[in-house]
Amino acid sequence: MDTQRSAYIAIVGRPNVGKSTILNKLIGEKIAIVSNKPQTTRTRIMGVVTRQDCQLVFLDTPGLLKPRNSLGEYMVKSITTTLEEVDAGLLVVQAGSPVSAADRSLVERFRRGHMPAILAINKIDQLPDKSVLMEQIAAYAQLYNFLAVVPVSAIQGDGMDELFSELEELTQPGGWLFDPDTLTDQPERVLAAELVREKVLRLLDQEIPHGVAAVTELMREEEDRLEIYVTLYCEKSSHKGILIGKNGSMLKKVGTLARQDLEGFFGCRVNLQLWVKVKEDWRQRPETLQGMGFSLKDLEL
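Each residue of the sequence shown is one higher than the one before, starting from -2 at the first, in the numbering used here.
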């Protein structure tokens, strides 16, 4: 008798609540970039974890926000599309934060689809007074009949085993959806570019990081190393100067940090070469977004 069980689960929530950190912790590998800035995740990222007879397929989505350009509209569209394709939802909220309009909108999508859902209250390590959790749980309980509410600290790992156990309850018989060794659907070229973009997000402030895209132009294996060439696109010449830095200092910092992560991920020496180019208003142009690897289907708004 086939005992293999599986489920597609969408990870949704406001920007910067820790969805990607939760995904990485559940998978056990870094497949989604993280930073303390909103809009870090721009596309839907799939992560797969298989334990014994259970396989969970997670779809990490961008944070729900009010779109201000074509890229923002693409991000919102990817959330809607994902929720139409999954078996269940995992809503992630930040500990101590009030119910937001974005949370209500996501819950309404659960309701319309009669979707089983779990609530993860993240960043409990940052909450001095844990008693407010009860008030927060009560507020969300009034919104939706969540199958479980699990307080977690994804960055420290607290509550993650409990969360995984609750997510396993969402699986259904019918076999696995992917080979048990599968971790993600993200091509290696995309993972490499995203790890570079993560360092830009961490090292630069204000608006500049949101106007930066990273594209892997070349990836090839040599005898003793992996050659990776990545182009960083920005929207203004002034941003290009900041990205490069005085005598190339900023670009060198980005490259050094990214190379360390890349070598850890690929398990070999990496020669990382970075370039910076200006592509004005790329976030406003669907044709440019398509050229950077965003799905044409989701750009048809």
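All C-beta atoms in this analysis are idealised placements derived from N, C-alpha and C, irrespective of residue type, glycine included. Quantities reported herein were computed from a predicted structural model and do not represent experimental measurements.
Quiz item: Quick one: complete alpha helix (DSSP H) runs, 4+ long, within the stretch 179 to 243?
Solution: Here the runs fully enclosed are 185 to 200, 234 to 241.
Quiz item: According to DSSP, is glycine 264 helix, strand or coil?
Solution: In this structure, DSSP gives glycine 264 a state outside helix and strand, which the three-state scheme calls coil.
Quiz item: Any idea if proline 148 is buried or exposed, counting beta-carbon neighbours within 10 angstroms, 16 or more meaning buried?
Solution: Burial check for proline 148: the Cβ neighbour count within 10 Å reaches 16 or more, so the residue is buried.
Practice problem: Taking all protein chains shown into account, decide if methionine 131 is buried (16 or more other Cβ within 10 angstroms of its Cβ) or exposed. | Solution: Methionine 131 counts as exposed, since fewer than 16 other C-beta atoms from the protein chains shown sit within 10 angstroms of its C-beta.
Quiz item: Rounded to a whole number of angstroms, what is the C-alpha to C-alpha distance between leucine 20 and valine 267?
Solution: Distance between the alpha carbons of leucine 20 and valine 267 is about 26 Å.
Quiz item: Once you ignore the five residues that flank glutamate 297 on each side, which residues in its own chain have a CB closer than 6 Å to its CB?
Solution: Its pLDDT being 42, under 50, glutamate 297 is placed unreliably by the model, and nothing is read from it.
Quiz item: Would the stretch 157 to 169 and the stretch 212 to 223 be scored as touching if the rule is three or more Cβ pairs under 8 Å?
Solution: Per the Cβ contact rule, the stretch 157 to 169 is not in contact with the stretch 212 to 223 (fewer than 3 Cβ pairs under 8 Å).
Quiz item: So, lysine 237 versus valine 273, is the Cβ gap smaller than 8 Å?
Solution: Going by C-beta atoms, lysine 237 is nearer than 8 Å to valine 273.
Quiz item: leucine 140 to leucine 103, Cα distance in whole Å?
Solution: Roughly 11 Å between the two C-alpha positions.
Quiz item: Buried or exposed: which applies to lysine 63, given that a residue is buried once 16 or more other Cβ atoms fall within 10 Å of its Cβ?
Solution: Low confidence applies to lysine 63: its pLDDT is 49, below 50, so where it sits in the model is not reliable, and the reading given next is rough at best. Residue environment for lysine 63: exposed (fewer than 16 other C-beta atoms within 10 angstroms of its C-beta).
Practice problem: Could you tell me whether the stretch 1 to 21 touches the stretch 183 to 194, using the rule of 3 or more Cβ pairs below 8 Å? | Solution: Verdict: no, contact absent.
Quiz item: What residues in its chain sit with their C-beta under 6 Å from that of phenylalanine 175, if we drop five residues either side in the sequence?
Solution: Take phenylalanine 175, set aside five residues on each side of it, and the residues of its chain with a beta-carbon closer than 6 Å to its own are Val45, in chain order.
Quiz item: Expressed to the nearest angstrom, what Euclidean distance is found between the alpha-carbon atoms of valine 54 and serine 3?
Solution: Computed Cα separation, rounded: 8 Å.
Quiz item: Assuming alanine 138 and proline 113 make a contact with CB atoms under 8 Å, what is their CB distance in whole Å?
Solution: The Cβ separation is near 15 Å, so there is no contact.
Exercise. Quick one: using the 10 Å Cβ neighbour count with 16 as the cut-off for buried, is glutamate 133 buried or exposed?
Key: Note on identity: in this sequence residue 133 is glutamine, with glutamate being the wrong assignment. Glutamine 133 comes out buried.
Practice problem: Please name the residue in Lys233, Ile241, Arg101, Gly10 whose C-alpha comes closest to that of valine 275. | Solution: Of all alpha-carbon atoms in Lys233, Ile241, Arg101, Gly10, the one lying nearest the alpha-carbon of valine 275 is that of Lys233.
Quiz item: So, is glutamate 191 buried or exposed, given that buried needs 16 or more other C-beta atoms within 10 angstroms?
Solution: That one is buried.
Quiz item: Across which residues does DSSP place valine 146 in a beta bridge pair?
Solution: Under the DSSP definition of a beta bridge, valine 146 partners with Leu116.
Quiz item: Mind checking leucine 116: buried by the 16 CB within 10 Å criterion, or exposed?
Solution: Residue environment: leucine 116 is assigned as buried (16 or more neighbouring CB atoms within 10 Å of its CB, all protein chains considered).
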